[in-house]
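Novice:
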Amino acid sequence: MTRADGRAGVLLRAAGIVTVGLCVGAAANVFSDPTLPFATPERAAVKDLIEWQLEVEGKQASLEDVYGAFQEGGATLIDARSSYAFSRGHIPGALSLPVSQYRASAESVLAGVPKDAPIITYCSGGSCQTSIQLANRLAEDGYTEVRAFYGGWGAWMGAGYQVREGASP
Amino acid sequence: MSLPSFALTVRAYDVLPLWLVHPFAIWLPGAEVVTGALLLLGIWTRSSALTVSGMFVAFAIALGINVARGADMSCGCFGLDGMAATLPEALVRSLLLLSAALALVWRPDTACSVDAVLMGKRADS
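Residue numbers (the working numbering), protein chains in the order written: chain A, 23 to 191; chain B, 2 to 126.
(1) Just to confirm my understanding: we take A:R35, look at its own chain, exclude 5 residues before and 5 after, and list those with CB closer than 6 Å. What are they?
(2) Look at the alpha carbon of A:M23 and the alpha carbon of A:L33, and state the distance between them as a whole number of angstroms.
(3) Round the Cβ separation of B:L96 and B:A61 to the nearest angstrom and send it over; I've been treating them as touching at under 8 Å.
(4) Between A:L156, A:D55, A:G174 and A:G176, which has its C-alpha nearest A:V168's C-alpha?
(5) If you measure from the beta carbon of A:F171 to each beta carbon in chain B, is any gap under 8 Å?
(6) Drop a sphere of 10 angstroms on the beta-carbon of A:G147, count the other beta-carbons inside from all chains shown, and report buried for 16 or more, exposed for fewer.
(7) Can you look up A:R169 in the DSSP assignment and give me helix, strand or coil?
(8) Need the endpoints of the beta strand (DSSP E) that A:D101 sits in, please.
(9) Give the residues from the region 96-107 of chain B that approach chain A closer than 7 Å (Cβ to any Cβ), ordered along the chain.
(10) Let me know the secondary structure DSSP gives A:Y124 once reduced to three states.
(11) If we define contact as Cβ-Cβ less than 8 Å, is B:T87 a contact residue for chain A?
(12) Counting only Cβ pairs nearer than 8 Å, list the residues of chain B close to A:P210.
(13) Note down the Cα distance separating A:S54 from A:F60, rounded to an integer number of angstroms.
(14) According to DSSP, A:S118 sits in a beta bridge with which residue or residues?
(15) Hey, does B:R70 have any beta-carbon neighbour from chain A nearer than 8 Å?
(16) Please return the same chain residues whose Cβ sits closer than 8 Å to the Cβ of B:V106, not counting the five positions on each side in sequence.
(17) List, in chain order, every chain A residue whose beta-carbon is nearer than 7 Å to that of B:A26.
(18) Are the beta-carbon atoms belonging to B:P30 and A:A50 less than 8 Å from one another?
(19) Using a beta-carbon distance below 8 Å, is B:T16 in contact with chain A?
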């Protein structure tokens, strides 16, 4: 066998692996629940996001809820974005707990927050998922009154409400 | 993590054309299982290492784009809940694993692989 044949063989087998992978993935999808359609819908539904990630209806906080929490302090706001994004601007009073830092920082950030305190998480808004992931994780860790503000930072800014820069809440 | 939530992560990366998001989310786990099994067993090592290298290049590009964008998202990798690594950390990890995969493309011959048993000493080359 020449070297060129060898290379072609390697590429051919790699193409075979890719194809078999597609078959395995498609077969696994047929048997999984819920299945995923091959055709991608234009937008992922918020309903689906909430159902998949929180698995409980009614855990979504509205802009009014968040504004109320900001004014009257009825809920602890937690910012799931990066600490850089937080320092560039956040909802005044919000705690910073980036999802990627959860294991390292959750204990210290949440030190003063009782398990049954109302909590509202948010991220940048639009297509971000971290508010939902953070809410889900907090619920797993025993926080009973957790909601996610799906509109997030974008909706807060869009409403023209007060913002704060820097690392402190 | 269910396939629909994995598809949401692929969508959140915002690097693939929309029509490819679901097909990719269906293909990738299957391809990872197949290549992972082949690499573990040492079958078609060079070809599977090449496939894996392609994946890590793709992951690194997708992560790099989102690090540059400053996107706030979980990487959807390893722990899958995204709570174990920031995007830059995931990017570094992808590059390290890419170098390991490329080393296998370069030198696929190992003593205790099925390739070695079947073909004498040579891996698929």
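Just so you know, even glycine gets a beta-carbon here, dropped at the ideal spot from N, CA and C. Keep in mind the model is a prediction, meaning the values are calculated, not measured.
Specialist: In short, the structure shows the following:
(1) Looking up residue 35 of chain A in the first sequence gives position 13. Short of 6 Å from the beta carbon of A:R35, and not among the five residues preceding or following it, lies no beta carbon of its own chain.
(2) For the purposes of this step, residue 23 of chain A is taken as the residue at position 1 of the first sequence. For the purposes of this step, residue 33 of chain A is taken as the residue at position 11 of the first sequence. With a pLDDT of 45 at A:M23, under the threshold of 50, the modelled position of this residue cannot be trusted; read the value that follows with caution. For A:M23 and A:L33, the distance between alpha carbons rounds to 15 Å.
(3) Position 95 of the second sequence, counting from 1, holds the residue named residue 96 of chain B. Position 60 of the second sequence, counting from 1, holds the residue named residue 61 of chain B. Right, the Cβ-Cβ distance comes to about 6 Å (below 8 Å), so this counts as a contact.
(4) As a position in the first sequence, residue 168 of chain A is number 146, starting the count at 1. Nearest to A:V168 by alpha-carbon distance, out of A:L156, A:D55, A:G174 and A:G176, is A:L156.
(5) Your numbering for residue 171 of chain A matches position 149 in the first sequence. By the rule that beta-carbons nearer than 8 Å mark a contact, A:F171 does not touch chain B.
(6) The residue you call residue 147 of chain A lines up with position 125 of the first sequence. By the neighbour-count criterion, in which 16 or more other beta carbons inside 10 Å mark a residue as buried, A:G147 falls on the buried side.
(7) Counting from 1 along the first sequence, the entry for residue 169 of chain A is found at position 147. In the structure shown, A:R169 falls within a strand segment according to DSSP collapsed to helix, strand and coil.
(8) Within the first sequence, residue 101 of chain A is the residue found at index 79, counting from 1. It spans T98 to D101 - the beta strand (DSSP E) in which A:D101 sits, taken as one unbroken run.
(9) Of all residues in the region 96-107 of chain B, none has a Cβ within less than 7 Å of some Cβ in chain A.
(10) Indexing the first sequence from 1 puts residue 124 of chain A at position 102. Three-state result, A:Y124: helix.
(11) Sequence index remark: in the second sequence, residue 87 of chain B carries index 86 (1-based). Taking a beta-carbon distance threshold of 8 Å, B:T87 counts as an interface residue toward chain A.
(12) Since the first and last residues shown for chain A are 23 and 191, residue 210 of chain A lies out of range.
(13) Sequence index remark: in the first sequence, residue 54 of chain A carries index 32 (1-based). Sequence index remark: in the first sequence, residue 60 of chain A carries index 38 (1-based). Distance between the alpha carbons of A:S54 and A:F60: 14 Å.
(14) Looking up residue 118 of chain A in the first sequence gives position 96. Beta-bridge annotation (DSSP): A:S118 is paired with A:D101.
(15) Mapped onto the second sequence, residue 70 of chain B falls at position 69. No, B:R70 does not count as interfacial toward chain A.
(16) As a first step, residue 106 of chain B is located in the second sequence; it is residue number 105 there, counting from the start. Excluding residues within five positions, the ones whose Cβ falls inside 8 Å are R47, A50, L51 and S54.
(17) Locating residue 26 of chain B in the second sequence gives position 25, where the first residue counts as 1. Chain order gives the chain A residues near B:A26 as L58, where near means a beta carbon separation below 7 Å.
(18) Here residue 30 of chain B corresponds to residue number 29 of the second sequence, with the count starting at 1. Here residue 50 of chain A corresponds to residue number 28 of the first sequence, with the count starting at 1. For B:P30 and A:A50, yes; Cβs fall inside 8 Å.
(19) As a first step, residue 16 of chain B must be located in the second sequence, where it is residue number 15. One point to set straight first is that residue 16 of chain B is Val, not Thr, in the sequence displayed. The C-beta of B:V16 comes no closer than 8 Å to any C-beta of chain A.
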